[in-house]
Amino acid sequence: MPLPDLPLRQDEPPTEGGMSRRSFLRTSAVLTTGLAALASSLKPLLELDDYTSVQRFMQKYYKEMTPDDMAKVLKRIEAEVEKQYGVRPHVRDLKPMDGVQFVYCLNLTRCIGCRKCVHACVAENNQSRNPEIQYIRVLRMPHGSLDIDKAEHNYAPPTVPEKGFFYMPVQCQQCKNPPCVKVCPVHATWQETDGITVIDYDWCIGCRYCEAACPYWARRFNFTKPEIPKDRLNPEMAYLGNRPRRQGVMEKCHFCIQRTRAGKMPACHDVCPAGARKFGNVLDPNSEVAYILRTKRVFIQLKEELGTSPRFFYYFDV
Amino acid sequence: MDDRSRNGSSTNHGRTALVLWGLVVTFAALAVFFVLSPWRHGPLLQPIAPVDRSFLDPAPNRRAYPDLVKAKDEDALSDFDCYACHEKGKPPTLRYDEHQRLIVPKEHSDIVMGHGEQGRNNNCFNCHDENNLTLLQARDGRTVKFQDSPQLCGSCHGPTYEDWEVGAHGRISGYWDAALGPRTRLLCVNCHNPHAPTFQGRQPAPGPHLLHGDLPPPAAASAP
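Listed in order, the protein sequences are those of chains V and E. So for the first sequence, my numbering puts the first residue at 13; every next one is plus one. So for the second sequence, my numbering puts the first residue at -18; every next one is plus one.
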């Protein structure tokens, strides 16, 4: 940084070393200040602990990975999670089962609006607690209409259900014709053969096109690094499911892939105190969901007119 | 600056030095400002208390008779030991007040009667067997054991019972296919109190929090 002493060169003859004492002092003062400013501006880098590792940067596309590649990736994720949260997780890559198409049915007559599903989902799927990311939004609507404009999700009465209202939990509808998948510029989200639309969090670039395309507001963006208390981390994880996300990627309901592809019911289903949620394989004629779609008199798909063809059905008793 | 005074005139060099020094001082001041940031804003995110674990509990609302037997809960099971107090072979008499409401004896004061619209199902022996209090009795005369209570409920609530048998009413937790793992089917009395089956109101779990502090809760619900 020799600039500041330029004007002095004429009137101050350089000493034998080629630099006068004054210009040396000036240059070094400026240099020190400049370096200090640079160092302070780089200070946030010290706090960065989830920078892209070489392995993640070199990682292949999910569908192109061999089982060996995937084993390495799972090992890397386990190590990363252990480093960040101090809990050794069990991460698996569960594949869709043959002859299985998942369908969700929700009984609007039974839902009491207690929001237990919302929080069971957060606990199961390692969503950020602050800022809060929730996959399920429970809408309260007045009886006699199904008007989302009149819906309220901030309701906080002392007890639910309230007279004159019904409750409608909305989450990812796992569309058969998903608009979010169409808009993804990097193919980081796609529909699997069992009907679940998944996201590869390592491939997502965080452009949020899918969030804009989704008519159900089902997709959530990680504006910050997710904050999960250590004692609330669910160590049973899946690659396409509930492994902790990074800052700057999308996430959404995936029908608890880590549970459902292992045969278990989703967390929101098992916690429902009213039995309003029904989940299962629609291709199995003996399943509850097949029975409901066959026999219940009324069922709707939310925003049916958009042609997204959700795999999430709302129905009524009686 | 000194070089300007020494030359006695404002040279180009002098001006350049002035500007450069000015820049250096500005940047240095900015650097100090950024490091100290005296007008630091508060934390961007409001703290959010972790949700109470009771909202994450998948346990059903109530424990049914088979659960009590399984848990060997002697205290709760003593309620089913009818002939500790009642006399065998002598059906208990029921008393009603002037509005035909059942007067619940003080020994059974934990029972709130509220079955049927306006509590019309107010006869203990509509469901209990008066000749053997350790059994239940359906209206067609069948006797039903306490652990098989859904059959009794189904004798009046047929369509609901059909739904329950298939799994469309109530909850079957565990695995979504019996071939993959065990399925736990809840009984009617796991969710409904048989003496007052309508769901009681419960406290809802906290609603969604906004990123930068919450809005005041909406005005009290008013039915349309």
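Cβ coordinates follow ideal geometry from the N, Cα and C atoms, glycine included.
Taking CB atoms only, Trp157(E) has a neighbour in chain V less than 8 Å away.
The DSSP assignment places complete alpha helix (DSSP H) segments of no fewer than 4 residues inside the stretch 14 to 70 of chain E at 46 to 52, 55 to 58, in order along the chain. Annotated as distal: Cys126(V) and Ala119(E), with beta-carbon spacing of 8 Å or more. Of the candidates Thr205(V), Phe177(V), Glu174(V), Thr209(V), Thr209(V) places its Cα closest to the Cα of Pro191(V).
For Gln71(V), the number of other beta carbons within 10 angstroms of its own is at least 16, and it is reported as buried. By alpha-carbon distance to Arg232(V), the top candidate from Glu174(V), Gln146(V), Ile124(V) is Gln146(V).
Minimum Cα-Cα distance from Val172(V) among the listed residues Lys128(V), Cys196(V), Asp243(V), Arg289(V) corresponds to Lys128(V). Excluding its 5 nearest sequence neighbours in each direction, Gln259(V) has C-beta neighbours in its own chain below 8 Å: Asp62, Asn234, Phe235, Thr236, Lys237, Pro238, listed in chain order. Neighbours of Phe8(E) across chain V, judged by C-beta separation under 7 Å: Ala49.
Looking at the backbone, the Cα of Leu252(V) and that of Leu151(V) are separated by about 28 Å.
For Tyr303(V), the enclosing alpha helix (DSSP H) stretches over residues 300 to 307. Contact residues of the stretch 127 to 139 of chain V toward chain E are Arg127, Lys128, Val130, His131, Ala132, Val134, Ala135 (C-beta to C-beta distance below 8 Å).
Rounded to the nearest angstrom, the gap between the Cα atoms of Leu305(V) and Cys63(E) is 44 Å. Taking the CA atoms as reference points, Val6(E) sits about 15 Å from Leu50(V). When DSSP assignments are scanned along the stretch 98 to 145 of chain V, the uninterrupted stretches of alpha helix (DSSP H) that are 4 or more residues long and fall wholly within it turn out to be 128 to 137. Approximately 7 Å separates the beta-carbon atoms of Ser154(E) and Pro39(E); this is inside 8 Å, confirming the contact.
Straight-line spacing of the CA atoms in Ala83(V) and Met77(V) works out to 10 Å. With the criterion set as a beta carbon lying under 8 Å from some beta carbon of chain V, the members of the stretch 40 to 52 of chain E are Pro41, Asn42, in sequence order. Spanning the alpha carbons of Asp329(V) and Phe69(V) requires a straight line of approximately 51 Å. In the DSSP assignment, Ile211(V) falls within the beta strand (DSSP E) that extends over 209 to 211.
DSSP places Tyr326(V) inside the beta strand (DSSP E), whose first and last residues are 324 to 328.
DSSP places Asn234(V) outside both helix and strand once states are collapsed to three, so it counts as coil. If only uninterrupted alpha helix (DSSP H) runs of at least 4 residues are considered, those enclosed by the stretch 243 to 286 of chain V are 269 to 272, 279 to 283.
Secondary structure at Gly155(E): strand, using DSSP grouped into helix, strand and coil. Counting every other CB atom within 10 Å of its CB across the protein chains shown gives Gly139(E) a total below 16, marking it as exposed. For the stretch 12 to 31 of chain E, the beta-carbon criterion of a distance under 9 Å to any beta-carbon of chain V is satisfied by Ala12, Val13, Phe15, Val16, Leu25, Leu26, Gln27, Pro28, Ile29, Pro31.
Between Tyr74(V) and Gly162(E), the alpha-carbon positions lie close to 29 Å from each other. For Asn189(V), no chain E residue has a C-beta closer than 8 Å to its own C-beta; the minimum C-beta separation is roughly 24 Å. Within chain E, the C-beta atoms nearer than 9 Å to that of Cys284(V) come from Pro39, Arg152, in chain order.
Against chain E, a Cβ distance below 7 Å from Lys237(V) picks out nothing, because the smallest value is about 11 Å.
One Cα belongs to Tyr303(V), the other to Trp157(E), and the distance between them is close to 14 Å. Just measuring C-alpha positions, the residue of Thr121(V), Arg220(V), Glu136(V) sitting nearest Met153(V) is Thr121(V). C-alpha of Gln185(V) to C-alpha of Ser157(V): approximately 21 Å in a straight line. Contact check for Cys169(E) against Cys134(E) passes: the beta carbons are separated by less than 8 Å.
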